[in-house]
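Participant: When you number the sequence shown by this note's numbering, it's gap-free, plus one each residue, and the end is 263.
Note that CB positions come from ideal geometry on N, CA and C, so glycine has one too.
I have a structure I would like to understand better, so I am pasting it below and will then ask my questions one at a time.
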Amino acid sequence: IAAARIAVVTGSTSGIGLATVRALAGRGCDVMVNGFGDRAEIDRNCAEIAERTGNRIVYSAADLSRPEEVRAMMADAADRLGPVDILVNNAGVQHVAALHEFPDDKWDLLLAVNLSAAFHAIKAALPSMRERRWGRIVNTASVLGMVGAPHKPAYVAAKHGLIGLTKSVSIEVAPHGITCNAVCPGTVLTPIIERQIAQQAQVTGLPEDQVLQTVFLERMPTGRLIAPEEVASAIAFLCSDAAGSITGAALPVDGGYTTH
Ligand code: NAD
Numbered sequence: 004i005a006a007a008r009i010a011v012v013t014g015s016t017s018g019i020g021l022a023t024v025r026a027l028a029g030r031g032c033d034v035m036v037n038g039f040g041d042r043a044e045i046d047r048n049c050a051e052i053a054e055r056t057g058n059r060i061v062y063s064a065a066d067l068s069r070p071e072e073v074r075a076m077m078a079d080a081a082d083r084l085g086p087v088d089i090l091v092n093n094a095g096v097q098h099v100a101a102l103h104e105f106p107d108d109k110w111d112l113l114l115a116v117n118l119s120a121a122f123h124a125i126k127a128a129l130p131s132m133r134e135r136r137w138g139r140i141v142n143t144a145s146v147l148g149m150v151g152a153p154h155k156p157a158y159v160a161a162k163h164g165l166i167g168l169t170k171s172v173s174i175e176v177a178p179h180g181i182t183c184n185a186v187c188p189g190t191v192l193t194p195i196i197e198r199q200i201a202q203q204a205q206v207t208g209l210p211e212d213q214v215l216q217t218v219f220l221e222r223m224p225t226g227r228l229i230a231p232e233e234v235a236s237a238i239a240f241l242c243s244d245a246a247g248s249i250t251g252a253a254l255p256v257d258g259g260y261t262t263h
């Protein structure tokens with residue numbers, strides 16, 4: 004990543020997002036961190052990354068299910084760090100249940116956090132990216148943005164939507180030096196997966212200790228879980244100057260999940 008850049012990474016208090024903050028800060032970016040969690044632990048992580056990289060790391064507790072908080076977070080990032088060059092829409096939530104029992108409020112929440120928040124953040128980021136004629140937008144989709152899976156109707160719909168949004172934005176912003184891409188991870192061992200094991204055991208009737216193997220690993224020819232850092236490296240590459248001709252792509256980081 005050339006020059007000092009200013010980045011916002013949503014949903015970056017754990018998992019893929021936190022690894023992405025580390026990757027971008029390690030490549031010279033000042034970063035706004037966002038997400039939920041224990042405030043003392045978040046502050047410790049931000050201070051440690053700032054100390055190690057010499058970059059500014061600030062935190063926003065914005066709840067991205069609320070459009071006004073997404074807009075406030077983007078304004079806060081510009082106020083505290085400067086005009087945002089890089090936006091990584093990574094926040095995501097999951098809920099696993101059969102469709103006929105799927106709670107309406109979970110449908111609304113998953114669409115809000117996994118899809119609409121990206122729309123609102125991109126909308127807020129574009130004016131200054133266009134003015135400066137440089138920008139990088141990366142949306143964390145999923146293999147479930149490319150293929151279906153049972154018991155995850157809202158997640159699959161939102162992630163397919165996020166890839167559609169990525170393609171649409173990429174065409175519109177291409178003349179302005181801005182790229183917009185998606186990454187599509189397979190199974191990465193993070194809290195979002197740990198929390199799903201009990202829900203998956205319930206809907207599939209499998210014992211919890213077989214869920215990882217049967218539900219998550221079987222589809223990946225590599226036969227192992229993906230590390231958050233592997234996804235973060237792909238995101239950081241898409242944010243670099245070197246990736247300037249890659250746009251509108253949905254890049255699998257999936258151990259071969261979508262090849263069969
Ligand atoms: P994670 O649970 O560690 O991270 C999710 C992040 O989003 C956390 O920081 C959390 O606090 C934040 N978040 C949740 N709701 C929020 C809200 N309303 N407002 C603001 N922040 C909110 O899980 P992860 O696996 O690192 O997930 C990151 C992204 O990767 C998600 O979009 C997820 O769908 C996607 N993904 C994960 C996997 C996987 O196997 N782990 C696979 C494909 C895609």
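Who does C32 pair with in a DSSP beta bridge?
Facilitator: Position 29 of the sequence shown holds residue 32. For C32, which the question treats as bridged, DSSP gives the partners R8.
Participant: So F39 and T16 are supposed to be a Cβ contact under 8 angstroms. How far apart are they, rounded?
Facilitator: In the sequence shown, the residue the question calls residue 39 occupies position 36. In the sequence shown, the residue the question calls residue 16 occupies position 13. That pair is a contact at about 6 angstroms.
Participant: Does the distance from the C-beta atom of T261 to that of S173 stay below 8 angstroms?
Facilitator: Counting from one through the sequence shown, the residue named residue 261 turns up at place 258. Counting from one through the sequence shown, the residue named residue 173 turns up at place 170. Going by C-beta atoms, T261 is not nearer than 8 angstroms to S173.
Participant: If I follow the unbroken alpha helix (DSSP H) through K185, where does it start and stop?
Facilitator: As a position in the sequence shown, residue 185 is number 182, starting the count at 1. The question names Lys, yet the displayed sequence has Ala at residue 185. Segment I181 to P188 is the beta strand (DSSP E) holding A185; no alpha helix (DSSP H) there.
Participant: Hey, would you say D82 sits closer than 8 angstroms to N58, going by beta carbons?
Facilitator: Along the sequence shown, one-based indexing puts residue 82 at 79. Along the sequence shown, one-based indexing puts residue 58 at 55. Not closer than 8 angstroms, so no.
Participant: Starting from S236, trace the alpha helix (DSSP H) both ways and give me its first and last residue.
Facilitator: As a working mapping, residue 236 is identified with position 233 in the sequence shown. It spans P231 to L241 - the alpha helix (DSSP H) in which S236 sits, taken as one unbroken run.
Participant: Roughly how many whole angstroms lie between the Cα atoms of N92 and N37?
Facilitator: To locate residue 92, count along the sequence shown from 1; it is residue 89. To locate residue 37, count along the sequence shown from 1; it is residue 34. One C-alpha to the other measures close to 10 angstroms.
Participant: Between the stretch 170-185 and the stretch 127-141, do three or more beta carbon pairs fall short of 8 angstroms?
Facilitator: Output reads yes: the stretch 127-141 touches the stretch 170-185.
Participant: Pair every Cβ in the stretch 103-114 with every Cβ in the stretch 46-63, then say whether three or more of these pairs are closer than 8 angstroms.
Facilitator: As far as the Cβ criterion goes, the stretch 103-114 does not touch the stretch 46-63, which means the pair count is below three.
Participant: Please report the straight-line C-alpha distance between G18 and P130, rounded to a whole angstrom.
Facilitator: Taking the sequence shown and counting its residues from 1, one reaches residue 18 at position 15. Taking the sequence shown and counting its residues from 1, one reaches residue 130 at position 127. Approximately 30 angstroms between the Cα atoms of the pair.
Participant: At the level of alpha carbons, what is the spacing between P224 and L215?
Facilitator: Here residue 224 corresponds to residue number 221 of the sequence shown, with the count starting at 1. Here residue 215 corresponds to residue number 212 of the sequence shown, with the count starting at 1. Approximately 14 angstroms, taken between the alpha carbons.
Participant: Report the rounded CA-to-CA distance for R25 versus P231, giving the unit in angstroms.
Facilitator: Translated into positions along the sequence shown, residue 25 becomes position 22. Translated into positions along the sequence shown, residue 231 becomes position 228. Going from the Cα of R25 to the Cα of P231 covers about 11 angstroms.
Participant: Beta carbon of V11: closer than 7 angstroms to some heavy atom of the ligand NAD?
Facilitator: Taking the first residue of the sequence shown as 1, we reach residue 11 at position 8. Outside the cutoff, so no.
Participant: Spatial neighbours of G85 within its chain, please: CB distance less than 8 angstroms, with the 5 preceding and 5 following residues excluded, ordered by chain position.
Facilitator: Taking the sequence shown and counting its residues from 1, the one referred to as residue 85 is at position 82. Closer than 8 angstroms at the Cβ level, and outside the excluded window around G85, lie I9 and D33.
Participant: Would you mind sorting T190 into buried or exposed? The rule is 16 or more other CB atoms within 10 Å of its CB.
Facilitator: Counting from 1 along the sequence shown, the entry for residue 190 is found at position 187. Under this definition T190 is a buried residue.
Participant: In terms of residues, what are the limits of the beta strand (DSSP E) holding S171?
Facilitator: Walking along the sequence shown from the start, residue 171 turns up at place 168. That residue, S171, is in no beta strand (DSSP E); its alpha helix (DSSP H) goes P156 to V176.
Participant: Where DSSP assigns a beta bridge to S63, which residues make up the other side?
Facilitator: To locate residue 63, count along the sequence shown from 1; it is residue 60. Its beta-bridge partners are N37.
Participant: Since L94 and V61 should fall inside the 8 angstroms C-beta cutoff, what is the C-beta to C-beta distance between them, to a whole number of angstroms?
Facilitator: Residue numbering aside, residue 94 sits at position 91 when the sequence shown is read from its first letter. Residue numbering aside, residue 61 sits at position 58 when the sequence shown is read from its first letter. Reading the sequence as shown, one finds Ala at residue 94 and not Leu. Actually they do not touch by this definition, with Cβ atoms about 17 angstroms apart.
Participant: Do you know offhand how far T207's Cα is from T217's?
Facilitator: Locating residue 207 in the sequence shown gives position 204, counting from the first residue. Locating residue 217 in the sequence shown gives position 214, counting from the first residue. Approximately 10 angstroms, taken between the alpha carbons.
Participant: Ends of the beta strand (DSSP E) at R198?
Facilitator: By one-based count along the sequence shown, residue 198 stands at place 195. Careful: R198 lies outside any beta strand (DSSP E) and carries neither H nor E.
Participant: On the criterion of 16 or more Cβ atoms from any shown chain inside 10 Å, does G226 qualify as buried, or is it exposed?
Facilitator: In the sequence shown, counting from the first residue as 1, residue 226 sits at position 223. Exposed, because fewer than 16 other Cβ atoms sit within 10 Å of the Cβ of G226.
Participant: Mapping DSSP to helix, strand and coil, what is A26?
Facilitator: As a working note, residue 26 is residue 23 in the sequence shown. Looking at A26 - three-state DSSP - the assignment turns out to be helix.
Participant: Helix, strand or coil: which one does DSSP assign to R139?
Facilitator: Reading the sequence shown from its first residue, position 136 is the one you call residue 139. Looking at R139 - three-state DSSP - the assignment turns out to be strand.
Participant: Around the C-beta of A78, are 16 or more other C-beta atoms found within 10 angstroms, so that it is buried, or is it exposed?
Facilitator: Mapped onto the sequence shown, residue 78 falls at position 75. Exposed is the call here.
Participant: With DSSP as the reference, label V99 as helix, strand or coil.
Facilitator: Mapped onto the sequence shown, residue 99 falls at position 96. Looking at V99 - three-state DSSP - the assignment turns out to be coil, as it is neither helix nor strand.
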